[in-house]
Amino acid sequence: MSSQLNRYWIPNFDINKRVITKEIQYYLGPESTLRPYTRDGEDGYLISTPGECLTDEQIDDICNKSKELWEKQAAARVKKESDKQLKRPLHQPVVISRGTKSRSSRSHRPDHKTY
Numbered sequence: 001m002s003s004q005l006n007r008y009w010i011p012n013f014d015i016n017k018r019v020i021t022k023e024i025q026y027y028l029g030p031e032s033t034l035r036p037y038t039r040d041g042e043d044g045y046l047i048s049t050p051g052e053c054l055t056d057e058q059i060d061d062i063c064n065k066s067k068e069l070w071e072k073q074a075a076a077r078v079k080k081e082s083d084k085q086l087k088r089p090l091h092q093p094v095v096i097s098r099g100t101k102s103r104s105s106r107s108h109r110p111d112h113k114t115y
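Residues in the sequence shown are numbered consecutively from 1, following UniProt numbering.
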């Protein structure tokens, strides 16, 4: 069956693997497959399909969906970082002022004498 399939390579630039994997059979049919593939040192995807490859419009759609997914993931990371809970939220340090560091202010402990 693989001899009846056409194979195409496209670069992975601006294409999220999860998005193209989800969309490939929608655009090219249930027999279409996709796998990571490096061609002449450039990473991309090898598409095997019984018909023609993706059109420019389909690739644009995949790139746009990839961008949306990356933006959604970035927003979720920012939210996750801001939602981190402290073990003791009432003890959240609050900066009142910041001094400058100098050699004379490094040590505030009195000298210890050894007996």
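Backbone N, C-alpha and C define an ideal beta-carbon position, used for all residues, glycine too.
Nearest in C-alpha terms to Q58, of all of Q4, N6, I15 and T38, is I15. Rounded to whole angstroms, the Cβ separation of V19 and K80 is 21 Å, and the two are not in contact under 8 Å. C-alpha of Q25 to C-alpha of S32: approximately 6 Å in a straight line.
Relative to the Cα of E23, the nearest Cα in the group R35, T49, I62 and I47 belongs to I62. Here the C-alpha atom of Y8 lies approximately 60 Å from the C-alpha atom of R98.
Ranked by Cα distance from S48, the first of D40, F13 and P36 is P36. Bridge pairing for P36: Y45 [DSSP].
By the criterion of a C-beta distance shorter than 7 Å, E42 is surrounded in its chain by P11, once the five residues flanking it on both sides are discounted. For the options C53, W70 and D40, the alpha carbon positioned closest to that of Y27 is the one of C53.
The residue among P30, E71 and F13 with its C-alpha nearest the C-alpha of D60 is F13.
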